[in-house]
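Here's the structure we're looking at; comments come further down.
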């Protein structure tokens, strides 16, 4: 087409056993352009960028970089050719220092001292200050991402790939990131930006390629379309509207008072005097950047960690000294963020996975003995009621897609008819239709008179679902505010603004 | 090239087939080894795996099968519970020795009085001794995070020295003409663990092993505690979410396997061995690890695997006598068996695919 | 009464087998490999080294052969864990049981014969002791100052991330296991060739397991391994001295000392490490976990 194309893909195809991950994908990224790659989970975005970065080889098609054929045998070859990538799940090494991490991402790193000096200089030039001697484990999520970005910048890449970079950032940190990307683009770097956040793509990207089921379905200027239109292209149909009607706040169900817990381990966060009140029929949203105490709060409510007496009461009864099964019996149910390995045992069948939480309330376990038939029929009813796509309850949890497993996990709790349900990240990494289903089921549960707490990093989700909003920041929970009329900027400030900026600027 | 694709459901067929394949592969590899050492491989394999049951001297060796299998099965049943939960008690040998000592101590203290209470008290003391020895690594892990693998293993060496000390010191037979070793309990009817049915080799340890198999079977397949144990081994966080307290689980698993190993030690001291010596530990505690894996941590599998490894013990002794094979042959066989099993195990968890060219 | 210098020389000698084995295991664990087969690799080295030294009359050839034998038998573990993705704990146990059996079986002909004499190195200290002491700074330098050492640590810390950056996890680990095997082999051979001067069945007597504990004690650092090895050398020498002095404690109880000391040290160190991850000096992040790349 024209000479400014930095990267071009023509007819790329890739198959896995049973899945066509990419099919005849063609697009190009120009110099100085921030190019969005948009698509649902499972649309083939990750496979595509892994091929560009040399982690996976395409079955068909051709790629070119700066006009030359691009066929990297491994990521090192891709880096040598001028491709750099910031991963969604950071590819960092916790116990190593910033400088060591950056050296690992470079082909020929300079000697230690020189590298440290360059890190300090480049990070200041881009307004992303970093201390090269710090260990990764001591950094916040935003700072960790800075390490990834600086690692890329030191290689002067021609093409920079960013895989869902803002999912762990506060709105302010995200702004800072886009300012950096703009600077880079102005220097002629091509940026491939992967996301499913429509608003940020509309404000910041110059061009968008939309993937669905592994194929390019459209290419457009995202600024010329509404978020709704983009979503329709991504999902391939109109989005269903969520029904928020028919709920009214009743009596107080769950009360958390002055809940303080030390950090469970070096990576954890201490909870500092957390208090909240949840009424029947109410949905309370708790926002916050990952790692600010979400998991610890959920563990304290589940009973995985025990807190001082009187800190957690359900309908007047003190639950604080009780273990998880007793709390479930009392009506406090939970669904953790991590589906595989926390909310479900990956290698167990769906039938067996019902036994994790539903033993007492559903009569699946009597006198310590398991009623396998009852467990199977409960699993079947969850599968039917929550539209879990699976051949049957004998299938292992691992074999389900993220969305289907999430529906199963939420359904397992909802069908136990809880008084209070606490969910953490209920739609993380779930396709749009499953996410809508899960959200609707939480609203329906509240309408029937249960109290629901939704812990999430997805602010749009919280604004859509909850009546009240609190922010969790470094283990402290803010006062609740009504969600009506709350703006993203206000929320961002509640979440602690640009995290750790002052600290790093020293 | 080939590649491994994880299975969505563990293959039941391969779960049963891999131990059988491992046994066959061990026979073949063992045969090659014997050929290298200048023995006739067919004769050697027949001597080890066939003659103890059906050979000319089978009448003598057949009862030995239950004698050797009982401690293996008893210990392995307990170990398998822990292994399922990801709790690695590899010090069963030490718990076995201590159980033999504490159980034997009751008999030596009661000597020469008679009474029906003596033998049951010995069994309880043996189980308690093994339990206590198993609780040391459990508590050190729960309180300080010390690795139960290393602590339980170190305690084997400590237990061996305790046994030696006892055999040469406090428990030495005062009428033993200065030879090390305790009184012979086979000559002390109230404390002995005799053959219950003549010609079968079945003593009380065999009964206990059968009960252990049944109880652990119910525990693993029907009881919620068994479910929690499996969950803890497969996904520890999910188990905690379900309500499992990790510290309790560690204490339960190490305590249970310790008690069963201690009981096995007592039955041996009161029965086939007859006395406490510095050679009290004969490696059953380590071989039981192989039994547990070969039996796929399943009680029924452990029953079969225990019988098979007991066979290799007897066959090995036979081969030593008739073919002058070194005594360590059995150990090599058992090690190979575990190697092949772990290797073939890949088939139960992965499908093997040819890497496509296109 | 006791000459401190001669005690120190005894300590050096008593700590050398464990020093070698633990340095080797340190490299393996830094790469994310928990190999419980150290005892099996040591006994293999002890026999192979002794046999070679006896056959050639040259102890140094013995050590070379011991290193090769240790590395060779570690290949079994590599095949199980890196190719067949078997559980590392079970595979290590298998290696130990197999190694002990194999050495006992092939060791029969060598029972009762004497090892060839070993010439002393500088200051009357065995050359292999010197080699062990030299390996400590070399391994420190390798881990902390070289690119390959950095990659090895990265693989052990987070194998997913190392793979994503394009490093070969399996190759790195295979090399680390083989190095660990070679070092354990030398350590085992030191017992048979330089200390006991003959071959007896099961002569490593748990040294491999103690080496595993010392790696924990060291907080995964080379100089920490040296400190741990000396500590256990000290306990062993003290215990032997007490036995020789005919103190009024049964010999069997005195000989428990190294094992009890191991347990005590493990407890103290584990309690401290539970909360020290932020300061570094804790177990590598991927230790004991197998890596399977989905391509």
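Protein chains in written order, with the numbering used here: chain Z, 1355 to 1860; chain Y, 32 to 389; chain V, 2 to 296.
Built from N, CA and C at the ideal position, the CB exists for glycine as well.
For the segment 213 to 227 of chain Y, enumerate the residues whose C-beta is nearer than 8 Å to any C-beta of chain Z, in chain order. none
Short Cβ contact (8 Å threshold) for residue 34 of chain V with residue 163 of chain V: no
DSSP has residue 267 of chain Y in a bridge; who is on the other side? None, per the DSSP bridge assignment.
Counting along the chain, where does the beta strand (DSSP E) carrying residue 1381 of chain Z start and finish? 1373 to 1384
What are the boundary residues of the alpha helix (DSSP H) that includes residue 1417 of chain Z? Element bounds for residue 1417 of chain Z: not the alpha helix (DSSP H) but the beta strand (DSSP E), 1414 to 1419.
Helix or strand or just coil, what does DSSP make of residue 1672 of chain Z? strand
Could you give the first and the last residue of the continuous alpha helix (DSSP H) run that contains residue 105 of chain V? 89 to 108
Under three-state DSSP, which class holds residue 1455 of chain Z? helix
Which of helix, strand or coil does DSSP assign to residue 279 of chain V? Confidence in residue 279 of chain V is poor, its pLDDT being 41 and thus under 50, which makes the residue's placement unreliable; the coordinate value appears in the next sentence. Three-state DSSP puts residue 279 of chain V in a helix.
Exposed or buried, residue 1404 of chain Z, counting other C-beta atoms within 10 Å across all chains shown (16 or more means buried)? buried
Of the residues that make up the segment 158 to 181 of chain V, which ones have a beta carbon closer than 7 Å to any beta carbon in chain Z? 158, 159, 162, 165, 166 and 167
According to DSSP, is residue 253 of chain Y helix, strand or coil? Three-state result, residue 253 of chain Y: coil.
Can you check whether the C-beta of residue 254 of chain Y is within less than 8 Å of a C-beta belonging to chain Z? Among the CB atoms of chain Z, one or more fall inside 8 Å of the CB of residue 254 of chain Y.
Quick one: grab the DSSP three-state call for residue 290 of chain V. coil
For residue 151 of chain V, return the contacting residues in chain Z, with the cut-off set at a CB-CB distance below 7 Å. 1454, 1457 and 1458
Leaving out five residues on either side along the sequence, give the residues of the same chain with a beta carbon under 7 Å from the beta carbon of residue 211 of chain Y. 198, 199, 203, 308 and 309
Can you tell me which of the three DSSP states residue 200 of chain V falls into? Here residue 200 of chain V sits in strand by DSSP.
Determine the chain Z residues that contact residue 154 of chain V at a beta-carbon separation under 7 Å, and present them in chain order. 1450
Minimum Cβ-Cβ distance from residue 1447 of chain Z to chain V less than 8 Å: Yes, its Cβ sits closer than 8 Å to a Cβ of chain V.
Run down chain Z in chain order and give the residues with a C-beta less than 7 Å from the C-beta of residue 1 of chain V. The structure shown has nothing for residue 1 of chain V, since chain V only spans 2 to 296.
Starting from the Cα of residue 227 of chain Y, find the closest Cα among Y:298, Y:76, Y:258 and Y:149 and give me that residue. Y:298
Looking at residue 1689 of chain Z and residue 1759 of chain Z, is the spacing between their C-beta atoms short of 8 Å? no
Top-ranked residue by Cα proximity to residue 264 of chain Y, from Y:302, Y:169 and Y:112: Closest by C-alpha distance to residue 264 of chain Y, out of Y:302, Y:169 and Y:112, is Y:112.
For residue 1723 of chain Z, count the other beta carbons within 10 Å of its own beta carbon; 16 or more makes it buried, fewer makes it exposed. Which is it? exposed
Quick one: what does DSSP say residue 1771 of chain Z is sitting in, helix, strand or coil? Residue state, collapsed to three classes: coil.
If we cut at 8 Å on Cβ distances, does residue 241 of chain V have a partner in chain C? Of the protein chains in this structure, namely Z, Y and V, none is chain C.
Quick one: residues in its chain with C-beta nearer than 6 Å to the C-beta of residue 1757 of chain Z, no 5 flanking neighbours on either side, listed in chain order? 1784, 1785 and 1788
Measure the beta-carbon distance from residue 1561 of chain Z to residue 1387 of chain Z and round it to whole angstroms, keeping in mind my assumption that it falls under 8 Å. 6 Å
Give a yes or no on whether 8 Å exceeds the smallest Cβ distance from residue 1464 of chain Z to chain V. no
With a threshold of 8 Å between beta-carbons, can residue 238 of chain V be considered close to chain Y, or not? Chain Y, which has no Cβ nearer than 8 Å to the Cβ of residue 238 of chain V, makes this no.
Boundaries (first-last residue) of the alpha helix (DSSP H) holding residue 209 of chain V: Element bounds for residue 209 of chain V: 208 to 218.
Report the residues of the segment 1381 to 1399 of chain Z with a CB closer than 7 Å to any CB of chain V, ordered along the chain. none
On the three-state DSSP scale, how would you describe residue 1730 of chain Z? helix
Using a C-beta cutoff of 8 Å, does residue 270 of chain Y count as contacting chain V? no
6 Å Cβ shell around residue 1835 of chain Z - same chain, five flanking residues per side excluded: 1823
Limits of the alpha helix (DSSP H) - the one that residue 173 of chain Y falls within: 149 to 175
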